[in-house]
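What follows is a set of notes on a single structure, which appears directly below.
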Amino acid sequence: MTPDGAAPPADLLVQAVQGMARPLFVLDGEWRFSYINPAGAAVLGRTVDGLLGRGIWAEFPEAVGTPFSEHYEAVAATGEPAVFEAWFEPLQTWFQVHAFRTGAGLVVTYDDVTERRRVEQARTEAVAAREEAAERAAAAAGAAELAGRHLMLLGDISQAMTSTLDPDEAVQRFAQLVVPQLADWCLVSVVEHGRRRDVGRAHRDPEMVAAMHRYADLRATTNQSTAPVPTALREGRPVVIQSLTAEQVEAMTTPEARAALEPLRPTAVATFPLLARGELFGAITLVTGPDRGPFTDAELRTADIASRRAALAMDNARLVSAQSRVAERLQRSLLSAPVQPDNLELAVRYRPATQDVSIGGDWYDAFLQPDGSTVLVIGDVMGHDLEAAAVMGQLKTLVRAIAYDRQDAPADVMRRVDLAVVGLDVATLATALVARIEQDDDDRVAGLRRLRWASAGHPMPMLLQADGKVVDLESPVGPPLGIGWSGFRSDGVAVIPPDSTLLLFTDGLFERRTGDLDTGREALRAVVADLAGESLEELCDGLLAALLADGAEDDVAVLAVRAHPVDAPRPLAAGPRSLPPALPSLG
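As structure tokens, this is what we get:
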């Protein structure tokens, strides 16, 4: 006690340390507890009396070789204070420790920071989880974007290859589309009659295109049997080399081809056979350079699908080509050249709506009856494909036979055709117009011709007169053929003056989806008037050029007849006379 009765400062300090909530202990030079406050003993799960005078390493051997012993020994040796955090396994506790050296020994204060560390760990894990989720989302978005680009590529390939009927152009489009999305360069080989050609070629670097062509010109004839393309063609499977070595290149090709290949620096090669419906059309070869490296799984999957689509497109083109050849033969047999009577000049035109086939459901015909009258027929079977063409062939033959058999008026021909269509079960719905150019004795004396016609739902003819006036011929229009009509049909009759031009046509010439019939027919009249004075062939060409400039929406057939004077020789411009043997002509 001090003279005034107060406790000395040292006692006060001990009392303060003894009563404070923060754990504290002091170690002497032998690492024994020389002091520990109650809070310190409680945190360590001991009592003050149980620790005083005892060695720390004996009481807590688990701390040996841990940050606790390492830091304590360093502070004792150097006198440099230490602040650290460490996990103490026996107590399952994180401690934040302050240690410093005094004359009395090593003073250590410590706090249980387990809760704070748990919160920090949870926060760190949450941040890591968010970052990982963000990375996954970014990766998924990137993968989705890549998948979207590849899906668009596949659509572009299908569109590009099916929009041309030229096989070489189709495979060239393929090569240009897959570079650079799937590879740095691409060669497409086509096999025809056992011979292989590298037709499609594309390189992402314009400066390397010439080198690519030099190699491609050699490749087909210099590849060894172990090269990717021969292997893919022989075995019908993809061949992928993700790391192309010099030894592999040497084994696959000739020195000349290797020299051409060297500047292209191939790193990875993927070759896919072009197989469709059991037919082998060739192979596509994708190549990457050193800057791009191996193919990704996504690129290989897309390339495999692309090769299958390309093969289907090539097979479809082959089928269309075969169908077109059939159609051409059918066209030659069904849409034959018209007769050319003495003083009648005839011209015909046919334009299919579908460019894949060269014939459809429209038809024209012109022939002589036994008495020499010229019969004109124009018709339109519903549809514009080979099926429509086949029905058209039946109907054309039927009309021709019935019109030739007797010298009936056109309305009577139509009536008999109606009966035959139903009786013979010809499955069709068609419009048709049958016309006959005829002369009686008075007409011959006057140098005139008459047109007699009947329509089964078909557009009326037009007459371009010698003075350039365009006249719509008019008569009652009967029902179409094929509906079983047995009622009355009537003829129309009109005079065909010399030097006038008669036009028969199907509705595809003037009818448009976006306009009405009257507007379309008025446009036709205007074009015909503009072409007055042209030769018959030029008039027909001009009609198609003016009215079908944007393509035909429907099949179009045109039958034009120019009536030259009957009392003059056939003009040279009309071309030679063409008649069946042993038939007179009233032209």
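Counting from 1 along the sequence shown, just add 1 to a position and that's the residue number in the numbering used here.
The beta-carbon is built from N, C-alpha and C at its ideal position, and this holds for glycine as well.
Asked: Nearest-angstrom Cβ-Cβ length linking Leu525 and Val559, presumed shorter than 8 Å; Found: In fact, because the Cβ distance is near 11 Å, the residues do not count as touching under 8 Å.
Asked: Inter-residue CB distance, Thr232 and Val240 (contact presumed, cutoff 8 Å); Found: 5 Å
Asked: Distance, Trp186 Cα to Gly195 Cα; Found: 25 Å
Asked: Distance, Ala547 Cα to Ala354 Cα; Found: 16 Å
Asked: Three CB pairs or more closer than 8 Å across the stretch 419-426 and the stretch 493-504; Found: no
Asked: Which of helix, strand or coil DSSP assigns to Val562; Found: strand
Asked: Beta-carbon proximity check, Val321 vs Leu166, cutoff 8 Å; Found: yes
Asked: Identity of the residue in Trp454, Val567, Pro481 nearest Ser501 by Cα; Found: Val567
Asked: Three-state class that DSSP yields for Ala1 in the structure shown; Found: The structure shown has nothing for residue 1, since the chain only spans 2 to 588.
Asked: Cutoff 7 Å; reference Gly6; Cβ partners in own chain excluding five residues on either side; Found: Bear in mind that the predicted position of Gly6 carries a pLDDT of just 49, short of 50, making it unreliable; the figure below should be weighed with that in mind. Closer than 7 Å at the Cβ level, and outside the excluded window around Gly6, lies no residue.
Asked: Helix, strand or coil at Thr432 [DSSP, three-state]; Found: strand
Asked: Alpha carbon of Ala307 to alpha carbon of Ala550, nearest angstrom; Found: 35 Å
Asked: Proximity of His459 and Ala436 at Cβ, strictly below 8 Å; Found: no
Asked: Residue from Ser374, Leu505, Pro499, Leu262 whose Cα sits closest to the Cα of Pro570; Found: Pro499
Asked: Beta-carbon separation (whole angstroms), Leu464 vs Leu474, contact threshold 8 Å; Found: 6 Å
Asked: Inter-residue spacing [alpha-carbon to alpha-carbon] between Ile285 and Arg124; Found: 53 Å
Asked: Completely contained beta strand (DSSP E) runs for the stretch 483-515, where each covers 3 or more residues; Found: 493-497, 501-506
Asked: First and last residue of the uninterrupted beta strand (DSSP E) at Arg450; Found: 450-457
Asked: Best match in Phe96, Gln408, Ile379, Ala140 for proximity to Leu504 [C-alpha to C-alpha]; Found: Ile379
Asked: C-alpha distance - Arg259 paired with Ala299, whole-angstrom precision; Found: 30 Å
Asked: Asp343 - DSSP class collapsed to helix/strand/coil; Found: coil
Asked: Rounded straight-line distance, which links the Cα of Arg310 to that of Gly543; Found: 41 Å
Asked: Three-state class that DSSP yields for Phe273 in the structure shown; Found: strand
Asked: Beta-carbon proximity check, Gln440 vs Arg451, cutoff 8 Å; Found: yes
Asked: Residues that DSSP places opposite Arg102 in a beta bridge; Found: Leu107
Asked: Reference Gly485, options Ser536, Ser244, Met415, closest by Cα; Found: Met415
Asked: Expected contact under 8 Å - CB spacing of Ala457 and Gly479 to nearest Å; Found: 5 Å
Asked: Sequence-distant residues of its chain with Cβ nearer than 8 Å to Ala148 (five each side left out); Found: Ala299
Asked: Rounded Cβ spacing between Asp372 and Asp556 (contact assumed at less than 8 Å); Found: Their Cβ separation, rounded to whole angstroms, is 32 Å, which puts Asp372 and Asp556 out of contact at 8 Å.
Asked: Which of helix, strand or coil DSSP assigns to Leu287; Found: strand
Asked: Exposed unless 16 or more other CB atoms sit within 10 angstroms - verdict on Arg490; Found: buried
Asked: C-alpha distance - Val27 paired with Arg117, whole-angstrom precision; Found: 26 Å
Asked: Pairwise C-alpha distance: Gln160 and Glu535; Found: 41 Å
Asked: CB-CB length for Arg513 against Glu554, believed under 8 Å; Found: 6 Å
Asked: Same chain, Cβ closer than 6 Å to Pro24, five either side skipped, listed in chain order; Found: Ala40, Gly41, Val44, Tyr111
Asked: Whole-Å CB distance - Arg33 paired with Arg47, under 8 Å assumed; Found: Incorrect: roughly 14 Å between the Cβ atoms, too far for contact.
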